[in-house]
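Here's the structure, in C-alpha cells; my notes come after.
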Amino acid sequence: MTSAPLALAERTAGRPAGRARRLDPRTKAILVLASSLVVMAPGGTPFIPAAIVLGVLLALSEGAWARAVLLPLTSAAVAAAAYLLPMALPYPVIGFVAAFAAYLLRFAAVGGVALHLLRTTTPTELTAALRAARIPRAITTSAAVMLRFLPTIATEARAVRDAMRLRGVGGWAGMLRHPVLSIERFTVPLIASSLRVAEDLSAAALLRGLGSATRPTAMHPPRLGVADLAAVGLVAALVTATVLW
Amino acid sequence: MTTTTSTERRLDVRMSPKDLINIGIFAALYLVVLYAINMIGFASPVAVLVSLPASIVACGIPFMLFLTRVHHAGVVTIFAVITGGLLLLGGHPPISFAVTIVCALVAEAILWSGRYRSRRLSVLAYAAYSAWYVGPMLPIFYARHDYFSSPSMQNMGADYTRQMEDLLSPAVVAAFDVSTIFFGLLGGLLGLRLLRKHFEKAGLA
Chain A
1 MTSAPLALAE
11 RTAGRPAGRA
21 RRLDPRTKAI
31 LVLASSLVVM
41 APGGTPFIPA
51 AIVLGVLLAL
61 SEGAWARAVL
71 LPLTSAAVAA
81 AAYLLPMALP
91 YPVIGFVAAF
101 AAYLLRFAAV
111 GGVALHLLRT
121 TTPTELTAAL
131 RAARIPRAIT
141 TSAAVMLRFL
151 PTIATEARAV
161 RDAMRLRGVG
171 GWAGMLRHPV
181 LSIERFTVPL
191 IASSLRVAED
201 LSAAALLRGL
211 GSATRPTAMH
221 PPRLGVADLA
231 AVGLVAALVT
241 ATVLW
Chain B
246 MTTTTSTERR
256 LDVRMSPKDL
266 INIGIFAALY
276 LVVLYAINMI
286 GFASPVAVLV
296 SLPASIVACG
306 IPFMLFLTRV
316 HHAGVVTIFA
326 VITGGLLLLG
336 GHPPISFAVT
346 IVCALVAEAI
356 LWSGRYRSRR
366 LSVLAYAAYS
376 AWYVGPMLPI
386 FYARHDYFSS
396 PSMQNMGADY
406 TRQMEDLLSP
416 AVVAAFDVST
426 IFFGLLGGLL
436 GLRLLRKHFE
446 KAGLA
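Residue numbers (my numbering), protein chains in the order written: chain A, 1 to 245; chain B, 246 to 450.
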C-alpha cells in the first residue's frame, strides 16, 4: 500500500541518520501558522521578505534546490505585477489584477513555508504529531483517514480524467460547453470507485484498531530537538531584523 | 449517550469509528474534487471565473452523499475542521479557517432542525457551507490599505486610488459571498439529483 505522491517523502523519512537534523512536524506546523498569521494580517506586508527568507532556508535544509531558487524568483515576478504593472497601465481592470497579485505575494511567502511541511512530512508523522499536540480523538482519527485517502483518491481522479480524455469528453472545451454534464462525468465515477476502495481500506483500518480509545504508539515518536531550537532562534532573528529595519 | 424514542432518531455527539472513517473519506473526496476542478483555473485569471463556481457546484455531489451516510451531530463541524485545517497548513489565511468553522456551524444548525435526515435541508446546509469560499479572498479586502499606502501606489494619484477602493469595497465582498451561496444551492440540487440518478441505484447512498 505505497502511495505514489508521498513515496519520496517516505524514503527520506525512513533514513535514521538524517532524523536528528530534521524538524519536528509540530515545529513545521507552528512555523506555517505563525508566518500565515503575521503575513496575512493587515499591516503584514513588511514581514513578507522575512517569510520568503524562511521559506528559502527551509528549502535549502531539505535539499530542495529548485524551490530555493524558484521561490524568490516567483515572488519577485508577482511583486512586479502588483506594484509596477499599474504604473505602466493605469486602468481599473489591471488595478484589480495587481491588487490580486499583491495578495498572491503574501500567499507565495506563506506557501514557501507550507511546502516544506507538506513535502517533508508523511501522513503518519503528521497524525502522530497531531496526537502529540493533544488534539481530540475525533479530529485526529478522521484527519488520519483523510491524509491516508488523499493520494489514493488523487490517483483515482487521474484515472478518471485519462478515461474521459480517451473518450474525447472533458477538458477545457467540454467544460465550457456542458459544464454540468462534465462535472457529472468526472465526479460520479470518481466517487463510485473511491468508495469501493474505501470499503476495503476502512475494514482493514478498523481491524488494526483505528479509532479505538487507547492511544496508539508511534514508530518514530515526535520529539523536539536541537533543530527546533535553531528554527525558533532563526525566526526570532528574522522578526527582530524586520522590526528594526 | 442521549437516549430518545428510537435508535433511528438518535442524536448524539459520540461517533463510532465507522463514522469518523466516513468523515475522513468524504473530506478527502471533497478536497480532490475541489482541487481537480480548480486546476483548470490555473490556466489564466479569466479561467478562475469559470472554475471557481464549477468547483462549488461539483463539491456539492460528494457533500450531499456524505450527508446521507452520516447522521450524527457534529459531522459537518469535524469535516470543516479537518479540511479547513489542512488548507490552513497549506498556506491559507487563518481568517479563512475561522470563516469555514462559522459556516459549518450554520450548516450544522440547519441540518439539526431537520434531525439530520431531511434532504431539502441538506441542500440548504451545503449552500450555507459554501459561503466559506469567501474566506481565502478576504485578505485582499481587509488588507487593502496596506497595498494603497505602498510607495508605488502613492504615485498613482488620488483618483486611481479612489476607483480601486470602490472596486474592493465591502459591497463587492458581500456580492461575492451571495454568489457562492447561490452556486452552493445549485451544487446541492445537482448532488440531490445525482443521488437519485446514480448513487441510490448503485446502493451507495
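The beta carbon of each residue, even a glycine, is placed where N, CA and C say it ideally should be.
Contact of A:Trp172 with chain B by beta-carbon distance below 7 Å involves Ile285. The stretch 169 to 213 of chain A contains, as complete alpha helix (DSSP H) runs of 4+ residues, the segments 171 to 177 and 179 to 207 (chain order). For A:His116, the uninterrupted alpha helix (DSSP H) run begins and ends at Pro92 to Thr120, by DSSP.
Distance from the CA of A:Thr187 to the CA of A:Gly209, rounded to the nearest whole angstrom, comes to 31 Å. Just so you know, the alpha carbons of A:Arg177 and B:Ile285 end up roughly 15 Å apart.
In this structure, the beta-carbon distance from A:Arg131 to A:Arg215 falls below 9 Å. With at least 16 other beta carbons inside 10 angstroms of its own, A:Ala29 counts as buried.
Note that the C-beta distance between A:Ala138 and B:Leu333 is not below 9 Å. Check the Cα spacing between A:Ala237 and each of A:Val39, A:Ser35, A:Leu33 and A:Ala50: the tightest is with A:Ala50.
Each of A:Ala241, A:Leu224 and A:Val243 was checked against the Cα of A:Leu23, and the nearest Cα belongs to A:Leu224. With distances taken between CA atoms, B:Thr425 lies nearest to B:Tyr371 out of B:Leu312, B:Tyr371 and B:Tyr387. Inter-segment contact for the stretch 188 to 200 of chain A and the stretch 156 to 163 of chain A is present: three or more beta-carbon pairs are separated by less than 8 Å.
Residues of the stretch 111 to 143 of chain A with a C-beta atom less than 7 Å from some C-beta of chain B are Gly111, Ala114, Leu117, Leu118, Ala138, Ile139, Thr141, Ser142 and Ala143, listed in chain order. Our two residues, B:Tyr280 and A:Gly55, have alpha carbons roughly 23 Å apart in a direct line. Below 8 Å, too few C-beta pairs join the stretch 62 to 77 of chain A and the stretch 399 to 411 of chain B to call them touching: fewer than three.
Considering only beta carbons, the part of the stretch 366 to 384 of chain B lying closer than 7 Å to chain A consists of Pro384, in chain order. For the stretch 146 to 165 of chain A, the beta-carbon criterion of a distance under 7 Å to any beta-carbon of chain B is satisfied by Met146, Phe149, Leu150, Ile153, Ala154 and Ala157.
The beta carbons of B:Gly336 and A:Gly43 sit no closer together than 9 Å. Non-local C-beta neighbours of A:Ser194 in its own chain, meaning closer than 8 Å and more than five positions away in sequence, comprise Phe149, Thr152, Ile153 and Glu156, ordered along the chain.
With a 10 Å radius around the Cβ and a threshold of 16 neighbouring Cβ atoms, A:Met87 comes out exposed. Of B:Asp391, B:Thr345 and B:Ala376, the smallest CA-CA separation from A:Met40 is found for B:Asp391.
A:Thr124: member of the alpha helix (DSSP H) spanning Pro123 to Ala132, first to last residue.
Inter-segment contact for the stretch 112 to 122 of chain A and the stretch 56 to 63 of chain A is present: three or more beta-carbon pairs are separated by less than 8 Å. Pairing A:Ile48 with A:Ile183, the inter-Cα distance amounts to about 38 Å.
In terms of CA proximity to A:Val239, A:Ala34 leads the group A:Ala34, A:Thr27 and A:Pro25. Nearest in C-alpha terms to A:Leu84, of all of A:Ala98, A:Val197, A:Val93 and A:Pro222, is A:Ala98. Scanning B:Leu276, B:Phe428, B:Gly330 and B:Trp377 for the CA closest to the CA of B:Leu294 turns up B:Phe428.
Under the 9 Å criterion on CB atoms, B:Tyr361 is classed as non-interfacial with respect to chain A. Residues of the stretch 184 to 208 of chain A with a Cβ closer than 8 Å to any Cβ of chain B, in chain order: Glu184, Phe186, Thr187, Val188, Leu190, Ile191, Ala192, Ser194, Leu195, Ala198, Ser202, Ala205 and Leu206.
Rounded to the nearest whole angstrom, the C-alpha separation of A:Arg167 and B:Ala273 is 27 Å.
At least one CB atom of chain B sits nearer than 9 Å to the CB of A:Thr45.
Judged by DSSP in its simplified three-state form, B:Lys446 adopts coil rather than helix or strand. A:Ala143 sits away from B:Ile270, with the two beta carbons spaced by 9 Å or more. Using a Cβ distance threshold of 9 Å, A:Val78 and A:Leu104 count as a contacting pair. If you compare the alpha carbons of A:Ala231, A:Leu126, A:Val169 and A:Val226 with that of A:His220, the shortest gap goes to A:Leu126. The C-alpha of B:Ile268 is placed about 20 Å away from the C-alpha of B:Ala343.
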